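First residue of the sequence shown: 6, per our numbering; consecutive thereafter. Glycine included, each C-beta is placed from N, C-alpha and C at the ideal position. Predicted model, so just to flag it, every value in this text is computed and none were measured.
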Amino acid sequence: MIAADDIARGLLTAALHGRDVALEDLLFKTNFVDVRNERGETPLHLAALGGHTFCVERLIRANADVNLLAIWGRSPLHRACEGGCANVVRALIEKKANVHATTEFGLTPLHYAAEGGHVECAELLLKLKAGPNVQNKDGQTPLHVACQKGHAKTVQMILDFRADTNIPDKNQDFPDDLAATRQVEDLVKVGRHLLEYPVKPPKPAKASKKK
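Put into structure tokens, the structure is as follows:
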């Protein structure tokens, strides 16, 4: 008989590497699938990050918690958006994964999709009303992040869902101030005009340091 600890390790390893057959075999031996590694991640977190669609769907059928939080408050949907597999994102949101979940750093799944330039994942989230203007602890929206990484298609997708181009981050930078390419900068400028924000507002004055 396999010990519970061995089953837990086996589930985590199978999910991490997308070993469908091994995962299926182990799930017949246990009713508890939300085992955790040292970072608090479950097999579902690991399979979601790796884009292992079969493993994700099988774990969901085995009643894995799609909204369980790991270290720093990351959900399986955060990890899926980081990995960039749209099929996995779709499977999770069909089971009511929270598209508005924020980590301890204020990051939503859309921030992760924006950082990776995963435009299809971003579209799935935005269609479910994920907030394009949510700011992380640095004051950055998903649009800031996509601009900074130079992901033009993702920038355009976020703009299509009426992201506010005039939100400054904590450094008083607007999204186009961080644009990695001229193409991205121009997209934001066009988006500002189309959203009836024809004039870029002046940057707020930075607080002076006390001597």
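Here DSSP, grouped into helix, strand and coil, assigns residue 160 to helix. Under the three-state reduction of DSSP output, residue 122 falls in the coil class, being neither helix nor strand. The three-state secondary structure of residue 27, taken from DSSP, is helix. Bounds of the alpha helix (DSSP H) holding residue 149 are 147-154. Contact annotation, residue 159 with residue 197: C-beta distance approximately 17 Å; criterion of less than 8 Å not satisfied. Ranked by Cα distance from residue 140, the options 102, 175, 96 and 77 are led by 175. Excluding five sequence positions before and after residue 58, the CB atoms of its chain that fall closer than 8 Å to its own CB belong to 90, 92, 93 and 96, given in chain order.
Between the beta-carbon of residue 108 and that of residue 78 there is about 4 Å, and that keeps the pair under the 8 Å contact cut. In the structure shown, the three-state DSSP call for residue 174 is coil. Using a Cβ distance threshold of 7 Å, residue 86 and residue 114 count as a contacting pair. For residue 55, the uninterrupted alpha helix (DSSP H) run begins and ends at 48-55, by DSSP.
Looking at 185, 32 and 76, the one whose alpha-carbon comes closest to that of residue 65 is 32.
In this structure, the straight-line span from the alpha carbon of residue 182 to that of residue 71 is close to 36 Å. Boundaries of the alpha helix (DSSP H) around residue 58: 58-66.
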